[in-house]
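Numbering (the UniProt record's numbering), first residue to last: 1 to 154.
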């Protein structure tokens, strides 16, 4: 199935796109994972947003923060894949698209993320390595992961 990838800065998101992103993230993180946390954290306006649309609508999304003085690496977060698309390879295609975007935007910078520990092997397939010990975030075990300076290839 072909995925329609769309990158948007926050201010370029349509009302429908923003609604679909927030709904998917709430469905996955708050409802499915039974995790009460501030999903709308005030950081979305700073991010690049990747949306993957399929025939059924928004199938997956993530947000990507560019390198800054505070964090000299790209940071991927809020990676969500709808239940109906899991196991189809959408998550891997979404990560490949994020790596491509980062490599084109600022080649050579590392990429970091905070992974749910159960997904550590998934991210390792994209060149990420665990850093430090696992920790609890919102009641779910996570581990920080880093992908050294990259070429955008998975």
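For every residue, glycine included, the Cβ atom is placed at its ideal position computed from N, Cα and C.
Cut-off 7 angstroms between Cβ atoms - residues of its own chain near residue i, not counting five sequence neighbours on either side
i, result
"residue 26", "39"
"residue 134", "117, 141, 142, 143"
"residue 42", "none"
"residue 17", "8, 51"
"residue 131", "144, 145, 146"
Rounded C-alpha distance that separates residue i from residue j
i, j, result
"residue 142", "residue 23", "23 angstroms"
"residue 48", "residue 62", "9 angstroms"
"residue 76", "residue 109", "13 angstroms"
"residue 148", "residue 53", "29 angstroms"
"residue 105", "residue 5", "16 angstroms"
"residue 84", "residue 59", "8 angstroms"
"residue 13", "residue 21", "10 angstroms"
Residues near residue i by beta carbon distance below 8 angstroms, same chain, minus five either side
i, result
"residue 119", "none"
"residue 73", "67, 109, 110, 111, 112, 146"
"residue 180", "Residue numbering for the chain in the displayed model covers 1 to 154; residue 180 lies beyond these limits and cannot be assessed."
Paired residues, beta bridge with residue i - DSSP
i, result
"residue 142", "116, 135"
"residue 65", "75"
"residue 49", "8, 63"
"residue 54", "57"
Secondary structure of residue i, DSSP reduced to three states
i, result
"residue 109", "coil"
"residue 43", "coil"
"residue 36", "coil"
"residue 103", "helix"
"residue 147", "strand"
"residue 124", "helix"
"residue 154", "Unreliable positioning characterises residue 154 in this predicted model, as indicated by a pLDDT of 46, which lies under 50. The coordinate reading is nonetheless provided below. Reduced to three states, the DSSP call for residue 154 is coil."
"residue 70", "coil"
Beta-carbon contacts of residue i that lie in its chain and below 6 angstroms, excluding the five residues immediately before and after
i, result
"residue 95", "126"
"residue 122", "none"
Counted within 10 angstroms of its Cβ, other Cβ atoms place residue i as buried (16 or more) or exposed
i, result
"residue 136", "exposed"
"residue 78", "buried"
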